[in-house]
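Q: Before I ask anything, here is the structure I am working with.
Protein chains: 2
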Amino acid sequence: MPSYNAPLRDMEFVLKEVLNVDQLTEYEKYSEADGDTLSAILEEGGKFSREVLTPLNVIGDHEGCKRHEDGSVTTPTGFKDAYEQMVANGYMGMSQPTEYGGMGMPGIWHLAAGEMQSAANMAFAMYPGLTNGAIKAITIGGSDAQKTTYLPKMIAGQWTGTMNLTEPHCGTDLGLLKTKAVPNADGSYKITGQKIFISAGEHDMAENIIHLVLARVEGAPAGVKGISLFIVPKFKLDANENPGDANGVTCGSIEEKMGIHGNSTCVMNYDDAEGYMIGEENKGLKVMFVMMNRARLDVGMQGLAQSEVAYQNAVTYARDRLQGRALTGPQNENGPADPIIVHPDVRRMLMDTKSFNEGARMLVYWAGLLEDLEGVHKDEKYVEKCDDFLGLLTPVIKGYLTDRAMQTTIDCQQIYGGHGFIEEWGMSQFVRDTRIALIYEGANGIQALDLVGRKLARKGGRALMSLNAEIDAYIAEHEGNEKVSDFIAALKDAKTKLTEGTMWLMQNGMTNPNNAGAGSVDYMHMMGISIFTYMWSIMAVTAQKAIDDGSNDDFYSNKLITGRYFIQRTLPMIDTHLARMKTGAEPVMALTAEAF
Amino acid sequence: MPSYNAPLRDMEFVLKEVLNVDQLTEYEKYSEADGDTLSAILEEGGKFSREVLTPLNVIGDHEGCKRHEDGSVTTPTGFKDAYEQMVANGYMGMSQPTEYGGMGMPGIWHLAAGEMQSAANMAFAMYPGLTNGAIKAITIGGSDAQKTTYLPKMIAGQWTGTMNLTEPHCGTDLGLLKTKAVPNADGSYKITGQKIFISAGEHDMAENIIHLVLARVEGAPAGVKGISLFIVPKFKLDANENPGDANGVTCGSIEEKMGIHGNSTCVMNYDDAEGYMIGEENKGLKVMFVMMNRARLDVGMQGLAQSEVAYQNAVTYARDRLQGRALTGPQNENGPADPIIVHPDVRRMLMDTKSFNEGARMLVYWAGLLEDLEGVHKDEKYVEKCDDFLGLLTPVIKGYLTDRAMQTTIDCQQIYGGHGFIEEWGMSQFVRDTRIALIYEGANGIQALDLVGRKLARKGGRALMSLNAEIDAYIAEHEGNEKVSDFIAALKDAKTKLTEGTMWLMQNGMTNPNNAGAGSVDYMHMMGISIFTYMWSIMAVTAQKAIDDGSNDDFYSNKLITGRYFIQRTLPMIDTHLARMKTGAEPVMALTAEAF
């Protein structure tokens, strides 16, 4: 049975020592968000993840969700109880606005707590995760009345939420969607159509489910310009705003999937279901995309979370499993063999994973802090910078982190040998669960296109210029610090190569957009590697400073070792990506479609 | 439902046009192995794979194997029928010796036919695959009486075979194995112990199962020097050599696995089972390893096979699925959207896979031909060369092909978006089935160690020197051929870098063996990439010649395009591997075991 212990030391290092999230207390909104409360919340969340969610992960995988003949769905044994405990712990409202019953704490607190939940039980964590997305959408686009009606119950965890975008014939290309909305006399709409892949679409954990549904009002323009967003509650609300009559929406079936079995991925059938428009007609995608951008950070986080839990278990196994002898001579002379952690190739996989996890954690938390600062900072220029950075970082966090997590979870599984392939040890589940993160909320290829086709060019390339300026300033500030000179040199190197890639894209993407398309994923990885190098430099400087200030805590020296592994053994990938990218569209597009 | 069509055109190109397998007819043993018969066999095998095995693949995945209370095992619906058809088609005996009832055709014929079976239904193909392994072991090490008793029935498919190596506490490190063998008065042994992960360990498809079991004769030396190999039939043979009384071996349980559900992976309990030693006492591993080396080629082939079937289905989906518009303007103006094969990033994944598949096929078939030639060639030097090359190629084929196939099957699944994640479309199965190929028959890290620690150094490095000499000669021969000058230049480049890597290993592996261990997987990939570049150069020269000779068949121009993709977009990976390797053991080993 796999275990999970929230990496509290590392989380606190990033949150407090590197990012200094306590700076948020300077703003009135977060004046009570002090570090001790954060520590207590993380401690509590870690305990809940370890003791409650982790044991349910395997159960969820084995049992899956069951749809009954009446369309109702039962979640795996223990999920409902755990959900109630989670709600009682106040998790749902942690970073939600106080006016609707939330605690009003910074988003980054919720992000850190979310990492633990996703690591312990990704399928479970999606239920509150989807609700958060729906809360976000209603917060952004809903009327005051809608907010008052829905947000308090959702924030209290009494009702959950879903996102209904995909239809059988369209996922990425939402312009093709067909679900229709016919206006009723009272201002509501009749929604009819079929949605697929609806996570948490139907379940037994809450008294109502608030579906957010993209649909096309009769007569709306074709394509993406004719899409509106609707609230469609599973049970219509009665005069007291309590769940009343069943609405015209049912779960038609549950998908049989490769992973996340504990989450009910539903086909949802809408048949004259009563819906209420959010925001303006035909402007539904705008709201949905603000919400989705946030959700993409969460998906990147899922990649990190699965990589972390896979890593922890692989380390345990590598320390326990006795097999073979160290190449340099026995390390466990009295035992029948050495623990496999002595073998360099096992180390390689563990170090690849560890240096990824810690870099990813830093990156996601940084993005979380930027998001919080964007909401409270007084300086318009600074807010603009936060927004620019987040625009750039979001596709990279979603795409690069989940691509890498696929490999690291596979590597951690590999460390188990044959035991990794059988379900009993749980490593297969980490790989299978991770797999969806490369697909949903915009497949990784779409993230790369978003980065290359939109985010880079936006506002004359301001975001990347601004990031580069920050990196240059960082290099200038720390160039004299000899103890971390290898990190600073690596950062320069990464920046130079990323810039070369960017220039190539600008020059060649103009003449033929397929040049940009063919190199987009390589470019996304280049940017991921570069930003990781920046993250590692910042962490290295912080760790080195702690040592210089007299700390004897091995944590800091180990942090430097791990960072050096990254710059020595992961950073070189950037050369291959650059070389691949610069071949352009020609080799990629040369075959006719028939010749495949 | 996924489909599979054996890539006969490409198989024939490699077999006949590039490798000229007809050369084998010059040897008496294969005088009847003419190209027309081969074509007929491939055609027939393709039909059987497409029509019989492919539809059973999904069924096998869903149903799995069922163990009953008495320890008997039922295979998935249709497997037994398919097995009988396969036997009736003469597949089992194709390349087996005529003296025991085989057809005596070249091993490469069987290899090509095996590719189709593995692509169509990997779990099914393992039943005859394991039998072949057992046949091989008995052929190598068995007494004449054992051969006469067992081989004809196994070659006829009447009995199947298994390999019993792994025990709960040991897989890679067989020196730790505990299963014991106590001599009986009649020269047989009583075998007692538990074996795990036994593929095809128990099933309902044949009247007897011949288990080959590694065990330790009482009082034998500790470690690998005290291991013997035994034949343990499921049913002991009666006086007429027909299956009689049950032996003391039973299936204790079937493992629940990530993939290959259609194959019964058993825990096998031996309780005073009657066994008969193969070959000499304490020399069991020698026989087992000769057999395993052959099996490693088959596992590499499984990687190719899964990548091929995943590719074929991804191509179909990419042509059918309408989503978005080409970056360069609509390609399907009358439709609601363009087929996703217009998108460069979809192309990238297809081309990565196609260029891998075709290179892998060439490499595995080349190894197959070397194996056949090794058995019949008159020139001792040539035979030696074949053996050297096979020693070097085997770990690379096993390790590099399956590592790459993991990525390509994931990429092909990615092309399906959300549909790739649900089991209905079958892409998940290709990924899950492929996963085991990186683990069994020696995990890929073990292949890399075998390459770096044994194969490179063997006989003063003769194998690589000999391969390099062959490549140098090839470069010299074709350097003047301007139309393929990019391939020849790429080959030179690859060889230079591989040589640099080899030199580094030699210099630094001596001073600290962990330097070799830490770089072993990177080196294995370098060698894989280099040898692929050689394979692609040979195929390019052949294709270009066909064009120069006046062929208008697009096959040849497409082959050149695909090869150019490889040298432009995969070959650059070699730089990253070299850079990673040259960092040495230090970054990999710097952390203490406790610090992970």
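These protein sequence lines are chains W and A, in that order. Positions 4 to 599 (the numbering used here) are the ones given, in order, by the first sequence. Positions 4 to 599 (the numbering used here) are the ones given, in order, by the second sequence. Here a beta-carbon is modelled for each residue, glycine too, at the ideal position from N, C-alpha and C.
Under a three-way DSSP split, which group does glutamine 547 of chain A fall into?
A: Residue mapping note: residue 547 of chain A aligns to position 544 of the second sequence, counting from 1. Helix, per DSSP.
Q: Step through the CB atoms of chain A and report whether any lies within less than 7 Å of the CB of phenylalanine 200 of chain W.
A: The residue given as residue 200 of chain W occupies position 197 in the first sequence. Taking Cβ atoms only, chain A reaches closer than 7 Å to phenylalanine 200 of chain W, which makes this a yes.
Q: Do you know how far the Cα of proline 246 of chain A is from the Cα of arginine 297 of chain A?
A: Numbered from its first residue, the second sequence carries residue 297 of chain A at position 294. Numbered from its first residue, the second sequence carries residue 246 of chain A at position 243. Distance between the alpha carbons of arginine 297 of chain A and proline 246 of chain A: 29 Å.
Q: Which residues does DSSP pair with tryptophan 162 of chain W in a beta bridge?
A: Within the first sequence, residue 162 of chain W is the residue found at index 159, counting from 1. DSSP lists W/Asn211 as partners of tryptophan 162 of chain W.
Q: How would you write the range of the alpha helix (DSSP H) that glycine 117 of chain A sits in, first residue to last?
A: Counted from its first residue, the second sequence places residue 117 of chain A at position 114. Its alpha helix (DSSP H) spans residues 110 to 123.
Q: Give the residues from the stretch 327 to 352 of chain W that approach chain A closer than 9 Å (Cβ to any Cβ), ordered along the chain.
A: Gly327, Arg328, Ala329, Leu330, Thr331, Gln334, Pro339, Ala340, Pro342, Ile343, Ile344, Val345, His346, Pro347, Asp348, Val349, Arg350, Arg351 and Met352
Q: Listing by chain order, which chain A residues have their CB less than 8 Å from the CB of methionine 261 of chain W?
A: Numbered from its first residue, the first sequence carries residue 261 of chain W at position 258. Near methionine 261 of chain W (Cβ distances below 8 Å), the residues of chain A are Phe424, Ile425, Glu426, Ser431, Val434 and Arg435.
Q: So valine 235 of chain A and asparagine 250 of chain A are in contact, right, with Cβ under 8 Å, and what is the actual spacing, rounded?
A: Your numbering for residue 235 of chain A matches position 232 in the second sequence. Your numbering for residue 250 of chain A matches position 247 in the second sequence. That belief holds up - the Cβ atoms of valine 235 of chain A and asparagine 250 of chain A are roughly 6 Å apart, short of 8 Å.
Q: Relative to chain A, which residues along the stretch 556 to 575 of chain W have a C-beta separation below 8 Å, given in chain order?
A: Asp557, Asn561, Ile564, Thr565, Arg567, Tyr568, Gln571, Arg572 and Pro575
Q: Within 7 Å (strictly less), CB to CB, does phenylalanine 608 of chain W reach chain A?
A: It is not possible to answer for residue 608 of chain W, since the shown part of chain W is limited to 4 through 599.
Q: Can you tell me where the alpha helix (DSSP H) with lysine 500 of chain A in it begins and where it stops?
A: Position 497 of the second sequence, counted from the start, is the residue given in the question as residue 500 of chain A. Taken as a continuous stretch (DSSP letters only), the alpha helix (DSSP H) holding lysine 500 of chain A covers 488 to 514.
Q: With H, G and I counted as helix, E and B as strand and the rest as coil, what does DSSP make of cysteine 415 of chain A?
A: Here residue 415 of chain A refers to the residue found at position 412 when the second sequence is read from its first residue. Under the three-state reduction of DSSP output, cysteine 415 of chain A falls in the helix class.
Q: List the residues of chain A that aspartate 2 of chain W touches, going by C-beta distances under 7 Å, in chain order.
A: Because chain W in this structure spans residues 4 to 599, residue 2 of chain W falls outside the shown range and cannot be described.
Q: Could you tell me whether the Cβ atoms of threonine 545 of chain A and alanine 497 of chain A are closer together than 7 Å?
A: Locating residue 545 of chain A in the second sequence gives position 542, counting from the first residue. Locating residue 497 of chain A in the second sequence gives position 494, counting from the first residue. Not in contact: threonine 545 of chain A and alanine 497 of chain A (Cβ atoms no closer than 7 Å).
Q: Asparagine 187 of chain W versus chain A: which residues are under 7 Å apart at the beta carbon?
A: As a position in the first sequence, residue 187 of chain W is number 184, starting the count at 1. Within chain A, no residue comes near asparagine 187 of chain W; the closest Cβ sits about 29 Å away, beyond 7 Å.
Q: Given that a residue counts as buried once 16 or more other Cβ atoms are within 10 Å of its Cβ, and exposed if not, what is lysine 384 of chain W?
A: The count along the first sequence starts at 1 and reaches residue 384 of chain W at position 381. Counting Cβ neighbours within 10 Å, lysine 384 of chain W comes out exposed, since fewer than 16 surround it.
Q: Which term fits proline 590 of chain A, buried or exposed, when burial requires 16 or more other beta carbons within 10 angstroms of its beta carbon?
A: Residue 590 of chain A sits at position 587 when you count from the first residue of the second sequence. Buried, since its Cβ has 16 or more Cβ neighbours within 10 Å.
Q: Just list the alpha helix (DSSP H) runs in the stretch 47 to 109 of chain A, keeping only unbroken ones of 4 residues or longer that don't cross its boundaries, in chain order.
A: Here the runs fully enclosed are 57 to 66 and 82 to 91.
Q: At the level of alpha carbons, what is the spacing between alanine 218 of chain W and isoleucine 230 of chain W?
A: The residue given as residue 218 of chain W occupies position 215 in the first sequence. The residue given as residue 230 of chain W occupies position 227 in the first sequence. A direct Cα-to-Cα measurement between alanine 218 of chain W and isoleucine 230 of chain W gives close to 6 Å.
Q: With respect to the alpha helix (DSSP H) encompassing aspartate 355 of chain A, which residues constitute its N-terminal and C-terminal limits?
A: Start at 1 with the first residue of the second sequence, and residue 355 of chain A comes out as number 352. First-last of the alpha helix (DSSP H) with aspartate 355 of chain A: 347 to 379.
Q: Can you tell me which of A/Asp301, A/Ile194, A/Leu353 and A/Lys381 puts its alpha carbon nearest to the alpha carbon of tyrosine 314 of chain A?
A: If you number the second sequence from 1, residue 314 of chain A lands on position 311. Cα-wise, what sits closest to tyrosine 314 of chain A is A/Leu353.
Q: Inspect the beta-carbon positions of isoleucine 601 of chain A and tyrosine 153 of chain A and report whether they are closer than 7 Å.
A: Because chain A is modelled from 4 through 599, residue 601 of chain A falls outside the range shown and cannot be assessed.
Q: Output the residue ranges of the alpha helix (DSSP H) runs that lie fully inside the stretch 274 to 326 of chain A and measure 4 residues or longer, sorted by chain position.
A: 287 to 323
Q: For arginine 364 of chain A, is the classification buried or exposed, using 16 other Cβ atoms within 10 angstroms of its Cβ as the cut-off for buried?
A: The residue given as residue 364 of chain A occupies position 361 in the second sequence. Burial check for arginine 364 of chain A: the Cβ neighbour count within 10 Å reaches 16 or more, so the residue is buried.
Q: So, for proline 155 of chain A: in the same chain, excluding its five sequence neighbours on each side, which residues have a beta-carbon less than 8 Å away from its beta-carbon?
A: Residue numbering aside, residue 155 of chain A sits at position 152 when the second sequence is read from its first letter. So the list reads Tyr103 and Gly104, once near-sequence residues are dropped.
Q: Can you find at least 3 beta carbon pairs, one from the stretch 334 to 354 of chain A and one from the stretch 511 to 524 of chain W, that sit closer than 8 Å?
A: yes
Q: Just list the residues that DSSP pairs cysteine 254 of chain A with in beta bridges.
A: Along the second sequence, one-based indexing puts residue 254 of chain A at 251. Partner(s): A/Met271.
Q: Can you say whether tryptophan 338 of chain W is buried or exposed, counting buried as having 16 or more other CB atoms within 10 angstroms of its CB?
A: Residue mapping note: residue 338 of chain W aligns to position 335 of the first sequence, counting from 1. In the sequence under discussion, the amino acid at residue 338 of chain W is glycine, which differs from the tryptophan named in the question. That one is exposed.
Q: Could you check what DSSP says for aspartate 248 of chain W in three-state terms: helix, strand or coil?
A: Locating residue 248 of chain W in the first sequence gives position 245, counting from the first residue. DSSP places aspartate 248 of chain W in strand when its eight states are reduced to three.
Q: Am I right that threonine 175 of chain A and alanine 446 of chain A are in contact with their C-beta atoms under 8 Å? What's the rounded C-beta distance?
A: In the second sequence, the residue the question calls residue 175 of chain A occupies position 172. In the second sequence, the residue the question calls residue 446 of chain A occupies position 443. Contact holds; Cβ gap of about 7 Å.
Q: For a contact defined as C-beta to C-beta under 7 Å, what are the partners of proline 516 of chain A on chain W?
A: As a working note, residue 516 of chain A is residue 513 in the second sequence. Here the neighbours are Leu330 and Thr331.
Q: Going by DSSP in three states, glycine 429 of chain W sits in which element: helix, strand or coil?
A: Taking the first sequence and counting its residues from 1, the one referred to as residue 429 of chain W is at position 426. Of the three classes helix, strand and coil, the one that applies to glycine 429 of chain W here is coil, per DSSP.
Q: Among the residues of its own chain, which have a CB less than 7 Å from the CB of isoleucine 257 of chain A, if the five just before and after it don't count?
A: In the second sequence, the residue the question calls residue 257 of chain A occupies position 254. Here the set comprises Cys68, Arg70, Val76, Ser267, Thr268 and Cys269.
Q: Assign serine 34 of chain A to one of two classes, buried (16 or more other C-beta atoms within 10 Å of its C-beta) or exposed (fewer than that).
A: Within the second sequence, residue 34 of chain A is the residue found at index 31, counting from 1. Exposed, since its Cβ has fewer than 16 Cβ neighbours within 10 Å.
Q: Counting only beta-carbon atoms, is isoleucine 550 of chain W nearer than 7 Å to chain A?
A: Along the first sequence, one-based indexing puts residue 550 of chain W at 547. For isoleucine 550 of chain W, the answer is no, since every Cβ of chain A falls outside 7 Å of its Cβ.
Q: Measure the alpha-carbon distance for histidine 113 of chain A versus glycine 38 of chain A and round it to whole angstroms.
A: In the second sequence, counting from the first residue as 1, residue 113 of chain A sits at position 110. In the second sequence, counting from the first residue as 1, residue 38 of chain A sits at position 35. Going from the Cα of histidine 113 of chain A to the Cα of glycine 38 of chain A covers about 14 Å.
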